[in-house]
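Quick mapping for you: the protein sequence lines, in order, are chains G and B.
Take the first sequence: its letter number 140 is residue 191 in our numbering, and every next letter is one higher.
Take the second sequence: its letter number 402 is residue 403 in our numbering, and every next letter is one higher.
Below: one structure, written as structure tokens.
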Amino acid sequence: MQTRGSSAALSLRGLSKAYGPTLAVDRLDLDVPRGSFFGLVGPNGAGKTTTLSMATGLLRPDAGTAHVLGHDVWSDTVRAKQLVGVLPDGLRLFDRLTGLQLICYSGLLRGMDRTVVTDRAHELLEALGLAEAIGTLVVDYSAGMTKKISLACALIHAPRLLVLDEPFEAVDPISATTIRQILEGYAASGGTVILSSHVMDLVQRLCDRVAIVAAGQIRAEGTLDEVRSGMTLEERFVDLVGGQTDVGEGLAWLRSSSD
Amino acid sequence: MVALIVGLKWQLLRNGLRRSTPQLVGLIIAVLYGMGVLVAALSGLFALRFSLPSDAARTAITLGGSAVVLGWAILPIIAYGIDETLDTARFATFAVPRRQLVLGLLLSSLVGVPAAVTAILGLATVITWSRSLLSMAVAPVAAVVAVFTCVALSRVTSAASFAMSRRRRGKEALLLMMLLLSLGFGAATSSVMKQISSPGLLQHLADVLGWTPLGLAWAVPADFADGAIGAGLLRLALALVFLVAALLAWDILLRGALENPRATDSGGSANGNKGLGWFGRLPATPTGAVAARSIISWRRDPRYVASVVLMLLLPLGLLLPAFTGSGNVWTLAMAPAAGFMLGWSTHNDIAYDGTAFWGHVATGVSGRADRVGRLVPTALTAAVLLPIYAAISCALTDRWSAWPALFGMGLGFLLTGFGVASVMSVLKPYPVPGPGENPFGAPPGSSALTMVIQAVAGTAVFVVNLPLLGVGMGALLGQVWMGWLCLGMAVVFGSGTLALGTRWGARIYERRSPELLADLSRIR
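This is how it looks when you write it as structure tokens:
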């Protein structure tokens with residue numbers, strides 16, 4: 052028990068959450084090994100965001116446990132939160148702050164030293180290509196810039212585990228490349244990354260381990276090749292999750308040639 | 002298309018209610034309140050039918066009607082988006098012909114409690130005008146014109162204020178307008194109250210209003226009842242011209258919103274302030290960081306700016322009686338009122354964060370830092386204002402001995418308000434307009450819940466301060482030593498409540514910060 056808890060960077064056991072009658076996450080078990088680059092894929096509404104929120108202390112589970120590097124997120128909260136960097140999806144930021152101020156805010160909230168925070172913030176802004184937007188209010192940032200500044204906020208305290216919910220959504224290719232390089236560097240130096248996405252191609256290129264989630268449960272989990280089992284990730288995904296219907300001769304009116 | 006848009010509004014209203022019970026309760030209270038107003042007004046209209054001179058009916062209906070039109074026209078300025086369920090910008094991507102959109106949105110505005118009440122009252126004037134066949138026939142026509150004028154005017158003001166609020170300068174102008182309106186309202190009521198005794202005045206006022214866009218349509222049936230057919234027809238024609246003009250103005254504003262739906266000002270960039278700003282000035286602790294963030298929001302977020310300026314000016318409104326010569330007793334209340342409002346105003350602070358609050362949850366910041374840090378901007382404001390307000394009161398009444406008592410009561414209200422608010426704001430945040438993005442976001446029916454929470458917070462602060470008020474009153478009645486006692490009590494008792502409140506609030510915060518975040522995502 053103890054060994055399992057400490058060997059995994061993130062360990063979820065029997066995690067459940069219901070919204071009214073709808074079961075968003077259903078007794079989900081998952082282990083993310085240390086140093087892995089982990090991709091969580093699933094259709095919309097599969098429970099990815101709910102799972103990641105419960106794993107990071109943003110949403111209280113109805114049942115089950117979440118451990119970060121051996122620390123229980125829901126009883127040893129403060130220690131667990133110190134080890135995690137979070138980038139949630141669909142939540143606001145304090146967007147009346149400038150980019151620099153927002154990063155510093157995340158650091159200062161964690162009780163970090165001001166000079167350390169400012170130095171790191173400048174480095175992060177430089178690395179993310181946001182140096183020119185340093186004094187611009189976050190509310191005036193583009194979608195890609197907003198994702199990058201959120202990533203900077205998640206990295207400021209040098210976490211051991213990064214939990215990123217849809218880090219590439221609405222991000223242009225150039226920003227995506229920047230984010231990818233930073234994440235790859237982070238993982239190469241021993242950090243653990245878990246990200247959710249429904250861009251299969253990207254997960255295939257980036258991650259070494261993958262889990263497919265549907266209807267609040269893990270359908271397949273393992274190394275990329277184990278999960279793919281000979282197909283592309285996208286084929287395997289559609290295969291597992293189902294729901295693909297043959298369009299065939301329907302929607303004939305949509306084809307201009309039929310006119 | 003038009004029917005589709007009206008149906009959409011109805012659907013939105015119904016689905017909104019399915020989301021939560023408090024909202025349903027809110028709507029029921031709104032309906033009950035509307036019914037109360039309706040019954041009272043209907044019986045008034047019925048009584049006017051039998052009033053001896055038709056002059057009384059003319060005066061009452063023109064005045065009342067003008068007030069209703071004026072209310073519809075200015076309400077969107079004071080209460081953001083009283084009826085913006087269908088935000089025009091959302092239609093930008095659909096190729097709806099603009100004429101149909103205008104008609105659809107206009108008719109959809111009629112779906113809702115306020116519009117229904119107005120429409121029923123308008124049509125009920127037929128009862129009043131059943132004195133002659135001619136006036137009875139023309140009354141419903143005039144009423145329809147009047148009701149549409151109400152709705153059209155409110156759309157014009159909300160579209161105009163939306164267009165203005167997208168620019169920084171416009172925002173400031175809008176704020177100023179709100180302030181002048183609220184101040185002007187106070188002055189107007191007090192002077193009307195004074196002159197209500199002179200009988201000719203109201204009739205005279207009605208005659209004037211009857212020829213302004215506000216009262217044109219309402220005065221039409223009265224002309225017909227008096228046999229002045231020509232004047233009545235002229236009024237009706239003018240009312241129609243005005244209605245068309247309002248619709249055209251709205252059409253033009255809509256064009257702006259549709260062609261440029263997401264244009265927001267970028268004038269918000271921190272000019273010249275390239276560094277950390279307040280984060281560099283306050284202590285580099287979690288509490289200091291929360292405080293710095295709050296101060297920045299106070300300065301840059303229009304929602305805070307609006308409420309702060311209103312809070313500052315409302316106590317200043319107490320100066321009005323002193324200048325209109327109706328005694329200056331009320332000016333003594335300035336410092337206590339300001340202390341009360343400032344302390345109490347922090348009771349929903351977390352709601353203004355919206356889901357950005359996740360930053361506090363994810364970093365695991367302590368409840369104490371969150372609770373105490375948020376109070377700092379208000380505390381700084383009060384530190385400047387309360388002594389000055391107390392001094393102004395003393396200067397105007399020429400009673401400097403009253404200063405300790407006045408300042409003491411203000412301080413007591415402020416500190417206990419902080420204490421109560423520190424607990425309240427982690428218990429039940431209620432909906433507020435979202436930051437900048439769509440200021441018309443408050444869901445319908447939320448106002449009743451809002452009022453209940455505000456009332457509970459206000460009553461709690463007041464009750465806790467009753468002993469202090471007693472001593473303060475004693476001081477004002479002549480026992481100077483009681484003033485110093487009051488100030489001392491305020492310091493001891495107030496800081497005690499503050500310490501207790503922030504500690505209790507911090508405990509609740511630490512226990513249920515994820516639940517708070519869930520609440521905030523739900524009411525967003």
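Here a beta-carbon is modelled for each residue, glycine too, at the ideal position from N, C-alpha and C.
Assuming B:A147 contacts B:G66 under a Cβ cut-off of 8 Å, what Cβ separation, rounded to an integer in Å, is found between them? 6 Å
Got a sec? Which residues, its chain only, sit under 7 Å from B:G473 by beta carbon, not counting five neighbours each side? A406, G409, M410, C487
When the distance is taken between beta carbons, is G:L176 closer than 8 Å to G:A203? yes
Segments of 4+ residues assigned as alpha helix (DSSP H) that fall wholly inside the region 132-191 of chain G: 150-160, 165-178
Using a C-beta to C-beta distance shorter than 8 Å, which residues of chain G count as neighbours of B:P287? L159, L160, R161, G162
Along the chain, where does the beta strand (DSSP E) containing G:S67 start, and where does it finish? 59-70
Neighbour-count burial assignment, B:M425, 16 or more Cβ in a 10 Å radius: buried
So is G:M251 buried or exposed if we call it buried at 16+ other beta carbons inside 10 Å? buried
Considering B:P115, what are the terminal residues of the alpha helix (DSSP H) in which it resides? 114-129
Which same chain residues, not among the five before or five after B:S522, have their C-beta less than 7 Å away from its C-beta? T356
For chain G, check one thing: does any of its Cβ atoms lie closer than 8 Å to the Cβ of B:P434? no
For the region 294-314 of chain B, list every residue whose C-beta sits within 7 Å of some C-beta in chain G, in sequence order. R294, I297, S298, R301, D302
Who are the neighbours of G:C258 on chain B, taking C-beta pairs under 8 Å? In chain order: nothing, as chain B lies at least about 23 Å away.
Alpha helix (DSSP H) segment containing G:F88, residue limits: Counting along the chain, G:F88 falls outside any alpha helix (DSSP H), though it belongs to the beta strand (DSSP E) covering 88-92.
With a CB to CB cut of under 6 Å and the five nearest residues on each side skipped, what residues in its chain are close to B:S394? T332, L333, M335, L407
Does the beta-carbon distance from G:H122 to G:S62 come in below 8 Å? no
Give the residues of chain B in contact with G:G108, contact being defined as C-beta atoms less than 9 Å apart. V362, A363, G365, S514, P515
Going by the CB atoms, is the gap between B:L467 and B:L416 shorter than 8 Å? no
Beta-carbon neighbours of G:V129, restricted to chain B and to distances below 8 Å: G365
Output yes if chain B places a C-beta closer than 8 Å to the C-beta of G:T169; else output no. yes
Going by the beta-carbon positions, is the gap between B:D371 and B:V291 smaller than 8 Å? yes
Report buried or exposed for G:T100, applying the criterion of at least 16 other Cβ atoms within 10 angstroms of its Cβ. buried
For chain B, find out if any of its Cβ atoms is closer than 8 Å to the Cβ of G:F145; answer yes or no. yes
Buried or exposed for G:Q232, going by 16 or more other Cβ atoms inside 10 Å? exposed
Identify whether G:E217 lies in helix, strand or coil by the three-state DSSP scheme. coil
Taking only beta-carbon positions, decide if B:W11 is within less than 8 Å of chain G. no
Alpha-carbon to alpha-carbon, B:G281 and B:G269: Bear in mind that a pLDDT of 38 at B:G269, under 50, signals an unreliable position, so the model cannot answer this.
Do you know how far the Cα of B:A403 is from the Cα of B:V221? 56 Å
Cβ contact (3+ pairs, closer than 8 Å) linking the region 135-143 of chain B and the region 30-45 of chain B: no
Within chain G, partners of B:W518 - CB distance below 7 Å: Reading off the sequence, residue 518 of chain B comes out as Leu, not Trp. Those within 7 Å of B:L518 in chain G are L109.
Which residues does DSSP pair with G:A271 in a beta bridge? G:I263
Does G:L305 pass the burial test, meaning 16 or more other C-beta atoms within 10 Å, or should it be called exposed? exposed
Partners in chain B for G:K132, counting only beta-carbon separations shorter than 9 Å: V362, A363, T364, G365
With burial defined as no fewer than 16 other Cβ atoms inside 10 Å of the residue's Cβ, what is the status of B:A4: buried or exposed? exposed
Go to G:A114, then tell me how far its alpha helix (DSSP H) extends in each direction, as first and last residue. That residue, G:A114, is in no alpha helix (DSSP H); its beta strand (DSSP E) goes 114-119.
What alpha helix (DSSP H) runs, 4 residues minimum, are completely inside the region 275-312 of chain B? 279-282, 287-301
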